[in-house]
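Protein chains in written order, with the working numbering: chain A, 220 to 528; chain B, 3 to 327.
Have a look at the structure below before the remarks.
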């Protein structure tokens, strides 16, 4: 019996419009495979590589500045070469991608969990509540998120001592990026909530005296969350870029637990002396990661919500 | 019209006041300004005297009033790190940033409008598809990676252009130093301005294209064709004119972002501008520089938004008519 239900399920899935659209978009398939591989490499880093590049005890200065394996002087033990302190580049990229992904995803979760409630409240209540929230969002939208994130980071750096700051750098960065990018989610959710609140099922819910909070959470939220989550996918790519930029500027992730941006910053100073691989491979990984996530986000948007295009 | 301008000026003043308030709190309550100004051997008594002299014992509202008055006179205090007046530091570095932003804005608007027109008017041309694909890659590449790539190709490998600095600068009257009068200055600005302009170019290109596609579908364009007007007149006289309002909005906002994004470009190319100053201020918790930069950038944004609003009246006769009634 079980086999039948699985094959039924499979028939349902494979007949579905979404599956059709996915299978007929080779770019999306490639982007999805690339993203899955990068996730696996990032979060499986401790199983997949024998190197622990950021353990101070494992520095091998004799193996410093080793070029990639296929270049002259390269060694197959270090496929993508080593940096100025003999750390394996491939392993550093795997751990770095992990940090970039964690910061990117968590900060988008934070923006979404600020933006969606405020958007629903603004759209559902309307009136001055709406004006107040959206005016604030509009003002914040005119300032680039990277500047807001820099400001928040600067303030925490001022209030905390440098040792404490080093420990809380990642949470601070997640909060900075998260707080800097909530307005766009609030906007999308609000426009959805404004449409929903005029519908009959909301009137019905009010009629049976459902508490307002319950209407918003149980009835409005499920109906407006879709478009927001699709935009959030692209938001992850944006957040990864902001994180990498801040780390590249030297105000993001410290070099004790480097992200891709930090790795690029470290490698950048060796570019002139010809050790291109130290900065090239992290930069390449970052670009592929961002491009793949963007492409998946574009596909999701076009498939589930063509109106947003 | 005058009413509208007054209203917008009032709105801008409120935004500036809010920014000034944030910046004031940053200045006065984030960390202890006194301990940042004095050395370690200063006694408690000296510190109290300094506190009294700087007026830090006054009520907050009095301090805020003084902060505003000082800021209006261009006095932002002394940098903790460099021990020099902040306004001096900023005045020294402002020309570098503004020249970079100016050249980038011209590149972004020029290429963006040209590319947007081409891709919007000749949708199926192979070159349009090429431009659109390239622009997608342009959006996915972080600014600093574009900068590193350009440095590696044109400075390290080909050795055509310098990788850092402004080149030779000429001091003009009024304390403005310009790099735009020397050959080395022009060579130095090429890579940073392209890096800074690329993202904005793609955004302007895409907005013009999508607006053009929208306008080209409207009845008045079909009617213009039916009247047998030349396609050049239709394209530039009717279609382009009607895309201007959203295009001006986006372009205005993007010029504002150029100032903010110059932080990244200036760091990559070691460009001696305000952005580089700001990054150092963040790294060293130099609060007076941070708060002055915040106020200055907010001022740029407010002024640009105001100009954008006024431009609406120039390009859109409907708005003028609406205000008259």
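Ideal Cβ placement from N, Cα and C applies to all residues, glycine included.
If you run the structure through DSSP and keep just helix, strand and coil, what is residue i?
i, result
"residue 294 (chain A)", "strand"
"residue 212 (chain B)", "helix"
"residue 443 (chain A)", "helix"
"residue 171 (chain B)", "coil"
"residue 307 (chain A)", "strand"
"residue 528 (chain A)", "Because residue 528 (chain A) carries a pLDDT of 43, less than 50, the predicted location of this residue cannot be relied on, and no value is offered for it."
"residue 362 (chain A)", "coil"
"residue 493 (chain A)", "coil"
"residue 242 (chain A)", "helix"
"residue 73 (chain B)", "helix"
"residue 218 (chain B)", "helix"
"residue 235 (chain A)", "coil"
"residue 269 (chain A)", "coil"
"residue 186 (chain B)", "helix"
"residue 126 (chain B)", "coil"
"residue 332 (chain A)", "helix"
"residue 224 (chain B)", "helix"
Between residue i and chain B, is there a C-beta pair that is closer than 9 Å?
i, result
"residue 527 (chain A)", "Because residue 527 (chain A) carries a pLDDT of 46, less than 50, the predicted location of this residue cannot be relied on, and the following value inherits that uncertainty. False, the Cβ-Cβ gap to chain B never drops below 9 Å."
"residue 372 (chain A)", "yes"
"residue 254 (chain A)", "no"
"residue 387 (chain A)", "no"
"residue 312 (chain A)", "no"
"residue 519 (chain A)", "no"
"residue 284 (chain A)", "no"
"residue 469 (chain A)", "yes"
"residue 460 (chain A)", "yes"
"residue 502 (chain A)", "yes"
"residue 320 (chain A)", "no"
"residue 402 (chain A)", "no"
"residue 328 (chain A)", "no"
"residue 506 (chain A)", "yes"
"residue 316 (chain A)", "no"
Verify whether the separation of the beta carbon atoms of residue i and residue j is less than 9 Å.
i, j, result
"residue 323 (chain A)", "residue 456 (chain A)", "yes"
"residue 397 (chain A)", "residue 327 (chain A)", "yes"
"residue 389 (chain A)", "residue 329 (chain A)", "no"
"residue 121 (chain B)", "residue 267 (chain B)", "no"
"residue 450 (chain A)", "residue 404 (chain A)", "yes"
"residue 383 (chain A)", "residue 411 (chain A)", "no"
"residue 298 (chain B)", "residue 276 (chain B)", "yes"
"residue 372 (chain A)", "residue 485 (chain A)", "no"
"residue 338 (chain A)", "residue 504 (chain A)", "no"
"residue 150 (chain B)", "residue 490 (chain A)", "yes"
"residue 291 (chain B)", "residue 88 (chain B)", "yes"
"residue 431 (chain A)", "residue 287 (chain B)", "no"
"residue 63 (chain B)", "residue 22 (chain B)", "no"
"residue 341 (chain A)", "residue 331 (chain A)", "no"
"residue 272 (chain A)", "residue 307 (chain A)", "yes"
"residue 401 (chain A)", "residue 334 (chain A)", "yes"
Comparing the C-beta of residue i with each C-beta of chain A, is any distance below 9 Å?
i, result
"residue 144 (chain B)", "yes"
"residue 103 (chain B)", "no"
"residue 258 (chain B)", "yes"
"residue 313 (chain B)", "no"
"residue 138 (chain B)", "yes"
"residue 283 (chain B)", "yes"
"residue 271 (chain B)", "no"
"residue 266 (chain B)", "yes"
"residue 18 (chain B)", "no"
What are the partner residues of residue i, as DSSP defines its beta bridges?
i, result
"residue 381 (chain A)", "Answer is none; residue 381 (chain A) lacks a bridge partner."
"residue 180 (chain B)", "B:172"
"residue 80 (chain B)", "B:87"
"residue 530 (chain A)", "Lying outside 220 to 528, the shown extent of chain A, residue 530 (chain A) is not represented and no answer is given."
The region 128 to 139 of chain B contacting the region 315 to 324 of chain B, beta-carbon criterion three pairs below 8 Å: A contact between stretches requires three or more CB pairs, one per stretch, nearer than 8 Å, and the region 128 to 139 of chain B fails this requirement with the region 315 to 324 of chain B.
Taking one C-beta from the region 274 to 291 of chain B and one from the region 71 to 87 of chain B each time, how about it: are there three or more such pairs within less than 8 Å? Contact between the region 274 to 291 of chain B and the region 71 to 87 of chain B is established, with three or more Cβ pairs separated by less than 8 Å.
With three or more C-beta pairs closer than 8 Å as the rule, is the region 111 to 129 of chain B touching the region 205 to 217 of chain B? Here the region 205 to 217 of chain B makes contact with the region 111 to 129 of chain B; the two share three or more CB pairs at distances below 8 Å.
State whether the region 156 to 169 of chain B contacts the region 186 to 203 of chain B, with contact taken as three or more CB pairs (one from each stretch) at a distance under 8 Å. The region 156 to 169 of chain B makes contact with the region 186 to 203 of chain B: 3 or more CB pairs, one atom from each, lie closer than 8 Å.
Below 8 Å, can you find three or more Cβ-Cβ pairs linking the region 305 to 322 of chain A to the region 480 to 487 of chain A? Touching, per the Cβ criterion.
Does the region 364 to 376 of chain A come close enough to the region 491 to 505 of chain A that 3 or more CB-CB pairs lie under 8 Å? The region 491 to 505 of chain A makes no contact with the region 364 to 376 of chain A; the number of CB pairs closer than 8 Å stays below 3.
For the region 243 to 251 of chain B against the region 210 to 221 of chain B, do three or more pairs of beta-carbon atoms, one drawn from each stretch, fall closer than 8 Å, so that the two count as touching? Yes, the region 243 to 251 of chain B touches the region 210 to 221 of chain B.
Assess, as a yes-or-no matter, whether the region 168 to 187 of chain B is touched by the region 214 to 226 of chain B under the definition of 3 or more beta carbon pairs within less than 8 Å. No, the region 214 to 226 of chain B does not touch the region 168 to 187 of chain B.
Any C-beta of chain D within less than 9 Å: which residues of the region 150 to 166 of chain B qualify? In the structure shown, chain D cannot be found, because the protein chains are A and B.
Does the region 94 to 114 of chain B come into contact with the region 252 to 261 of chain B, if we say contact requires no fewer than three beta-carbon pairs (one atom in each stretch) closer than 8 Å? Judged by Cβ distances under 8 Å, the region 94 to 114 of chain B makes contact with the region 252 to 261 of chain B, as three or more pairs qualify.
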